[in-house]
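Residue numbering for the sequence shown follows this note's numbering, starting at 1403 and increasing by one per position.
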Amino acid sequence: MSRRKVIAGNWKMNNNPEQTKTLINEIAPLVSGSKSDVIVCVPYVDLAAALETVKDTNIKVGAQNCSWAVSGAFTGEVSAPMLKSIGVEYVITGHSERRTYFGDTDVTVRDRTRAALDAGLKVILCVGEYLEQREQGVTAEVCAMQTKIALQGVAAEELKNIIIAYEPVWAIGTGKTATAEQADEVCAIIRATVCGLYGEAAADDMIIQYGGSMNAGNAAELLSKPNVDGGLIGGASLKANDFAQIVKAADESL
Ligand code: 13P
């Protein structure tokens, strides 16, 4: 079974619209011939600039969160239909920084994912364990639980619009990467969870990324693993050359 590779940059809270244009213009020529899917997930205020700048490139644009509601009294939130209305294609749900700092729970992640699918967005759904949970030996249970809850109410035919990103929280922004074996092992557990819910064909088709200190130096090894279908990249996605190197590593792993 050969799956395509998907490399997504998660810019987090970095770059204004002007800087967004500059960075995308730097990245675009470096990834133009890529066989892998290339996505940049930018702050809300940069979405319009990003969408304008990616025209005539192979780069897709995503947001980093969306509301579970369509509209209403939710100060500070942005809804999935709003994102769709300006041409956004992807949205991240369940990032550990949303779970840790902004109170997202497995249930709100499920509801945000549902809202995104209902609006016609593609979702990058993040799951992953804290260091303490890894040390307690419950990584498999935590990742399976987060995956199962987030997918509640998602029909089999909607899975083509979901990418799952395994992001061990202890590896995010710490420079501590999971080994390729650890990444592959947990991505396989997530795939087995999808298999349990939807069957083998769905599990075989599911794109499962690894995220957490992936960089130009370690990407090739991580992406060579059979269950690692791409990367969700934070810090290294803010440097055009580094990000392009990761995309190249993805292409070479195909
Ligand atoms: P870093 O690549 O900076 O560790 O961030 C990973 C991440 O959280 C991507 O969503």
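Ideal Cβ positions, reconstructed from N, Cα and C, are used throughout, including at glycine.
Quantities reported herein were computed from a predicted structural model and do not represent experimental measurements.
Taking just the CA atoms, how far does residue j sit from residue i?
i            : j            : result
residue 1655 : residue 1409 : 12 Å
residue 1575 : residue 1516 : 28 Å
residue 1512 : residue 1543 : 17 Å
residue 1651 : residue 1492 : 22 Å
residue 1406 : residue 1609 : 8 Å
residue 1421 : residue 1524 : 25 Å
At a cut-off of 7 Å, would you count residue i as near the ligand SAH, judging by its Cβ distance to the nearest heavy atom?
i            : result
residue 1461 : Absence of the ligand SAH is noted for the structure shown, with the ligand 13P being the only ligands found.
Leaving out the 5 sequence neighbours to the left and right, which residues in its chain are closer than 8 Å to residue i when beta-carbon positions are compared?
i            : result
residue 1569 : 1497, 1498, 1528, 1529, 1530, 1612, 1613, 1614, 1634
residue 1605 : 1593, 1594, 1596, 1597
residue 1640 : 1411, 1413, 1416, 1417, 1425
residue 1449 : 1463, 1465, 1485, 1488, 1490
residue 1434 : 1459, 1460
residue 1501 : 1507, 1511
Does residue i get closer than 8 Å to chain B when you measure Cβ to Cβ?
i            : result
residue 1475 : Any reference to chain B falls outside this structure, which holds one protein chain only.
When we look at the beta-carbon of residue i and count the other beta-carbons within 10 Å, is it buried (16 or more) or exposed?
i            : result
residue 1562 : exposed
residue 1603 : exposed
residue 1538 : exposed
residue 1584 : buried
residue 1586 : buried
residue 1520 : exposed
Using only the heavy atoms of the ligand 13P, determine whether one of them is closer than 7 Å to the beta carbon of residue i.
i            : result
residue 1469 : no
residue 1654 : no
residue 1642 : no
residue 1436 : no
residue 1415 : no
residue 1412 : yes
residue 1648 : no
What does a CB cutoff of less than 6 Å around residue i pick up in its chain, not counting 5 residues either side in sequence?
i            : result
residue 1479 : 1469
residue 1621 : 1648, 1651
With a CB to CB cut of under 7 Å and the five nearest residues on each side skipped, what residues in its chain are close to residue i?
i            : result
residue 1437 : 1653, 1656
At which residue ranges does the region 1523 to 1584 contain complete beta strand (DSSP E) runs of 3 or more residues, listed in the order of the chain? 1524 to 1529, 1564 to 1568
Can you list the beta strand (DSSP E) stretches of 3 or more residues lying completely in the region 1597 to 1640, in chain order? 1609 to 1613, 1632 to 1635
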